[in-house]
Amino acid sequence: MPDTKICQGCKDGAAFPVEFTMAFHPIIDLPRQRIWGYEALVRGREGQSAWSILSAVTDENRYAFDQACRVKAIDLAGEKLKGDARLSINFMPNAVYEPRACIRASLAAAARAGFNPNRIMFEFTENEQMTDIAHVSKIIEAYKHIGFITAIDDFGAGFAGLNLLSMLEPDVIKIDMELVRNIDSHARRHAIVSGIATIGRDLGLTIIAEGIERHAERQALADLGITLFQGYLFARPQLETFSMLDEIEGLAA
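Just so you know, the sequence shown maps onto residues 25 to 277 in the working numbering.
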């Protein structure tokens, strides 16, 4: 595709009408006692909820919102996120028209901020119904070729489950919080997550458990061989700020 090609969504889509910023939620590598990465979460300029922003997303401005989220997260990370921790950005597959064209703004932001694209992870949620799996697969293939990390978010709670995993080739799966909730005392959830962990390891995937709120949940997941964790047990998202390791709770038993 020529570089001069402009996607229809970029050329004709409406501008996003609401100002927003990002909060950052750490992902903890528990055995190594370090921060593996941070997920960028959209917030209002004064810390208003994600819903206050997402409720303004329409079919007409979806492309503009998706692009603006990427650039805002990368700009903030380039300014404040030092070291080698990864930056995880949620994206909307249905807002990506042509993967290499739609990624230009992200690459330009990374270059401007001096942020290595190999540290960027793009998450797509299994909860967003995908009308064209082949298109999503094309996005993942293109992003991996550039050097980005790709992840399925909310795994186990969405439309396709293992069938989706069989058709796509992400680098990471994030196990949905509803599956890990009370996993220490819920035999069915424990069995399901154990199976997901085994499949993930067999496929060479990195596995992150999200939504951890209790020490017992963390321990049950660690006993299943999971090492990467995200949740309020450790920290809450911080507006335009990256939590440091010495500020993280829940690291000790």
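All C-beta atoms, glycine included, are put in the ideal place defined by N, C-alpha and C.
Which residues in the same chain have their Cβ closer than 7 angstroms to the Cβ of residue 164, if we skip the five residues on either side of it in sequence?
174, 192, 193, 194
With H, G and I counted as helix, E and B as strand and the rest as coil, what does DSSP make of residue 114?
strand
How big is the Cα-Cα spacing for residue 184 and residue 108?
Note on residue 184: pLDDT 49, under 50, position unreliable in the model; the coordinate value appears next. Rounded to the nearest angstrom, the two C-alpha atoms are 33 angstroms apart.
Out of 70, 102, 167, which has the shortest C-alpha to C-alpha gap to residue 136?
Closest option to residue 136, Cα to Cα, is 102.
Of all the beta strand (DSSP E) runs that stay within the bounds of the region 37 to 124, which reach a length of 3 or more residues?
44 to 53, 58 to 68, 110 to 114
Could you give the DSSP three-state label for residue 259: helix, strand or coil?
coil
On a CA-only basis, which of 247, 143, 104 is nearest residue 263? Give me that one, please.
The alpha carbon of residue 263 has as its nearest neighbour, out of 247, 143, 104, the alpha carbon of 104.
Taking Cβ positions, are residue 94 and residue 129 nearer each other than 8 angstroms?
yes
Cutting at 7 angstroms between CB atoms, please list the residues of its own chain near residue 142, excluding the five before and the five after it.
If you ignore the 5 residues before and after residue 142, its C-beta comes within less than 7 angstroms of the C-beta of 171, all in its own chain and listed in chain order.
Is the number of C-beta pairs between the region 222 to 234 and the region 257 to 275 that are closer than 8 angstroms three or more?
no
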